[in-house]
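Here is the structure we will look at, set down as structure tokens.
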Amino acid sequence: MSVLPAEVHSALVQLLQGLQSTDNTVRASSEEQLNTGWVNKQPGMLLMGLAEQMQGSQDDGTRSFSAVLFRRISTRTAKDQAGQQKEIFLQLNAAQRSEIRTKLLYCLTNEQQSFVRNKVADAIAEVARQYADEQVLGEDGSRDTWPELLNALFQASQSLDAKVRESAFRILETTPGIIEKQHEDIVLSVFQRGIKDDSVDVRLATMAAFSAFFVSLQKKSQQKYYALIPDVLNTVLPLKESQDSDQLSKALITVIELAEAASKMFKNVFSDLVTLCISIIQDKELEDQARQNALELMATFADYNPTMCKKEPKYTTEMVTQCLSLMTDVGAEDDDASEWNGQDDADFDESDSNHVAGEQTMDRLANKLGGAIILPPTFNWLPRMITSGSWKDRHAALMAISAISEGCRELMEGELDKVLDLVLPALRDAHPRVRWAGCNALGQMSTDFKGTMQAKYHQVVLPALIPVLAASEPRVQSHAAAALVNFCEEAEKEILEPYLDTLLENLMQLLQSPKRFVQEQALSTIATVADSAESTFGKWYGQLMPLLFNVLQQPNERELRLLRAKAMECATLIALAVGKDRMGQDAITLVNVLGNVQAGIVDEDDPQESYLLHCWGRMCRVLGQDFVPYLQAVMPPLLKLAEAKADIQLLEDDENVAQIQEEEGWELVPLKGKYIGIKTSTLDDKFMAVELITVYAQNLEQGFAPYVMEIMEKVAIPGLAFFFHDPVRVASAKAVPQLLNSYKVAYGVQSDQYQTLWKGTIVKILEVLETEPAIETLAEMYQCFYESVEVSGKDCLSNGNMGLFITSAETVLKDFQTRFKERSEEAAEREDGEEADEETQFAIEDDQTLLSDMNKAFHTVFKHQGQSFLPHWERLLNYYDLFVSNPTDETQRQWALCILDDVLEFCGPASWHYQAHIVQPLLSGLRDSAPANRQAACYGVGVAAHKGGDAWADFAAGCLPMLFEVTRRPGARSDDDAFATENACASIAKVLHFNAGKVGDWQGVVAGWVDTLPVVNDEEAAPYAYSFLAELIESENPAVMSQAARCFTFVAQALEAETLQGNMAQRIVQAAHKLVQTAGLDANQLLANLPPETQQTVRAFFG
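Numbering (UniProt numbering), first residue to last: 1 to 1103.
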């Protein structure tokens, strides 16, 4: 029954017809009438009318469109009577809302046309979402709910009409939040019934609804639904058997979502699931998307539960076999690669192909399962494939090597010669795609095995790869040049120098290629070679720079823009490599050319603009202070980018969303049934601009000072709280200390100018420490804080500043403890051998980074504030006591120990006031199972001896036996333990030097101490140890004179390891001279017993 007059419906029908008109003028007029005459003036009447049209119109199209329009209008926001933004439906009075809800449910169960019912279901889901998201109040102030909805959906899920049942589950999928906790048992039975439904569409809708509901639950609440998983799999199997690829794809997507949410609930059926998915992947009668979805499901388990995959005997072998099989599905209708090679774009899009899916999955398997699991089955196939008569097999084998090298790095690195024996012959293969794949493998290996690949195998890789630059196929040429980028950017100049002539002659030839993408890649490769070769590139400067100037001085045609951008990049990297002196007047010419390019940029999509930012930065580094005069031209466009505001749009209509999705450079964020569109391209430019400002401030220092105040106020400080884009906040955090330093160098730290800037800046930094929501970014903010304090120096923080710092730190520590507790509880629930998921591992890493940067912040404050910081720091003592005694987390113990070390180091005897909080942690730390914690404790004892005065002398001396224990542990000189051992050595030396009167049998302890040398890893510990050794030599102490040859060797080892520098190195060399003379040693004979490189280093010191 209608509650609206007939004339309202008449007007509404006319409006609906106009909105659907094909005449643009009529449609635009109707849109205006809708917004001004209905939405703004009578929204209640509009929504009621649309609900009645859904219920009563005889025209299917009108009912469908009314439902679409109802959903769109109901979700729009407008100010309510209190001035708050609220969705239009929620602004209706309680009676109107109730009447509309009733009509919507009637339409759901009585609509005969399924396409209309689906639109009605969408409208119901939107209203249900609003009730779930907001607290809706009735006329009397009590909470208004939709109690009939859930029961109506449960009843609809049992309707005789399959389409009605499907619609019920569609609504549950869209708004799982409407299922309240007390209904969980009921909904379990509803899902169980729906997932066994006779209708495939209903079963799929049930699976989708169940997935959405399951994901919305807390982990503890999820377990009662594990029983549904066998039914889920029983839904998938018939779809596979019926060869229904579309429906099978949908079902697999739902299972993927469930696997991401709770992979372990598949444990009891995992073997059957592997068998099912493998059968789908290898079934070539199915469409590619279904096969790839099955592959994705299996890879998802590797991502989220690698332990379960490792325990399933057939998982790895079958997955590797199927991946390699898919990787041979390449070039099906292009066997001679003529189409492939004829492309004008090197980025030939094959992202949805089977072979790409196989490659990406191999990469994931290797990274998640590791080399010990992946390599045996992979290399069971590769030798046969690499020698196969089919080019597709050879191509797949090479791409597999590319895919697994990162994840299998540790095991493959020792077998690189054998791997290269497989790869290098491919560079001479008859088929161009195999040669391309060979280049790809070498490029990937150059990155994954960086250092080893360049140092040990350059003599086989470069002579094989460079000739491929002369291949007849442009795509092979380009990819060979790209592989050389990866190799050269990790190579030392001494390695590259013998190959430069041949390499650059071939790259110069590529600049003559008719294919622009080949020219562009050649420029990028030349730029990388110049960057790595540094000054040795100078020989080629005269030939290359004129060519680059010629490209840059050509007319700015659209199709040449990227080539010009690459030429700019190449020219400025060459400039950086050869330096200002070699360039001479060319440096100024290049800057002027860049200025002309900048002046000619008018289009937003011109790639030259982003390249130009980095080019200016390089020329700043090349010219140093000579770059300052060019700032007046460079800075205005840079500041425009850096000051850009976030371009954000609230998208309420599906049409707006679709339009934005088609545009590049936008990110859509769902929010309460709508989307927020954020223009990320603007934010990316802003990020690059702030990064470049940092480069200018760092390199120009006082020369950049005129711009500092404006940038700090308009860019850097606002950027710290620019929550739309994490990279902008991080870049701003890195810019602030450099801007401060620029001002400091220009005016002096005590100047009025600097102090004004500093006092305003530190307040803003401290505010951000309290408000930054992202843990990873918060670590960057702490780094900004301590680097800024380091710039400002001694006593730069007021009592108010220090108090705010402690307040923010306390909040961070409380939040950390909460996260740690939650992770500990999750860990306790995991089965033996089950690893934490990737998200948890990343969260742990983020927390470790945060604690590390907080540590540095405390260190810096203690360093510059000393004892004045102690009253503030006391507020955190309870946290230190908890952290330092944590039995399960070595990171927390290390965090506390390091700051206790700072208290000792920078507060001296005053730190004894806190001995009840320091003594036992240090003693326990000396015997900690974690080497890093033993190192921190050893350092603390040494600092107590050095800086603690009489108050700490007895304690320090009493620790000597435990310090010696550290040096005598099994594996004390291993990579893991070396720093703890060397810190113990240095701390014993400090005790013997500063607290000699407290040490019984001082001479005997000295003799034992000599056995703790050498110190060849820790550059901070070495000066203390060798300074004490020099004292002993100078005083001709028997402990060193009796083993003079050993002591000389210890000195030689430290000099060769470069742990001694400057004055300290000269002092120990002089002492060693005396030792040789006094003890009557034959220095040449001693040196002869040392490795040749050590001999060379020591002779350079001794002359």
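Every residue gets a Cβ at the ideal spot worked out from N, C-alpha and C, and that includes glycine. A quick note: this is a predicted structure, and the numbers were derived from the prediction, not measured.
From the options, residue whose alpha carbon lies closest to that of residue i
| i | options | result |
| --- | --- | --- |
| F301 | E257, T36, E339 | E257 |
| M265 | L1055, S211, S242 | S211 |
| N341 | A123, S472, Q292, I401 | S472 |
| F724 | S751, T777, I711 | T777 |
| K196 | D626, R165, Q84, G800 | R165 |
| N1063 | R475, I386, P1023 | P1023 |
| Q289 | L19, K539, S245 | S245 |
| E126 | A95, D80, R72 | R72 |
| A156 | F191, S189, L108 | L108 |
| K794 | E835, Q750, L149, S242 | Q750 |
| K539 | A577, K566, S513 | A577 |
Cβ pair residue i, residue j closer than 8 Å
| i | j | result |
| --- | --- | --- |
| F1101 | A1065 | yes |
| F537 | S478 | no |
| Y457 | L416 | yes |
| S2 | L15 | no |
| K998 | D954 | yes |
| T175 | A132 | yes |
| M802 | F862 | no |
| E787 | P737 | yes |
| L963 | A984 | yes |
| R203 | T235 | yes |
| V200 | Q247 | yes |
| T316 | I373 | yes |
| L926 | R934 | yes |
| K314 | V274 | yes |
| V943 | D881 | no |
| A591 | M635 | The sequence as given places Val at residue 591; Ala does not occur at that position. Against a cut-off of 8 Å, the Cβ pair of M635 and V591 comes out as no contact. |
| F154 | A205 | no |
| A51 | I124 | no |
Residue i (DSSP reduced to helix, strand or coil)
| i | result |
| --- | --- |
| T307 | helix |
| R830 | coil |
| A1021 | coil |
| K250 | helix |
| E643 | coil |
| E134 | coil |
| T77 | strand |
| K86 | strand |
| R143 | strand |
| I281 | helix |
| K119 | helix |
| E780 | helix |
Same chain, Cβ closer than 7 Å to residue i, five either side skipped, listed in chain order
| i | result |
| --- | --- |
| L612 | M568, L594, V597, Q598 |
| D393 | T328, M385 |
Distance, residue j Cα to residue i Cα
| i | j | result |
| --- | --- | --- |
| S142 | S263 | 42 Å |
| D334 | L552 | 38 Å |
| H917 | W1002 | 29 Å |
| L422 | N486 | 19 Å |
| Y707 | Y743 | 10 Å |
| R359 | Q282 | The sequence given here places Glu at residue 359; Arg does not occur at that position. Going from the Cα of E359 to the Cα of Q282 covers about 16 Å. |
| S402 | G414 | 16 Å |
| L237 | K821 | 41 Å |
| D606 | V628 | 26 Å |
Residue i: CB within 7 Å of a non-hydrogen atom of the ligand GTP
| i | result |
| --- | --- |
| P377 | The ligand GTP is not part of the structure shown, which contains no ligands of any sort. |
Proximal residues to residue i (C-beta, below 8 Å), its chain only, five neighbours per side dropped
| i | result |
| --- | --- |
| Q113 | D60, R63, S64 |
| V1040 | V1010, L1029, L1032, I1033, C1047, L1075 |
| R76 | V39, E87, I88, E652 |
| G748 | Y754 |
Chain-order list of residues whose beta-carbon lies under 6 Å from that of residue i (same chain, five-residue window excluded)
| i | result |
| --- | --- |
| V1069 | F1101 |
| S911 | V903, L904 |
| E604 | none |
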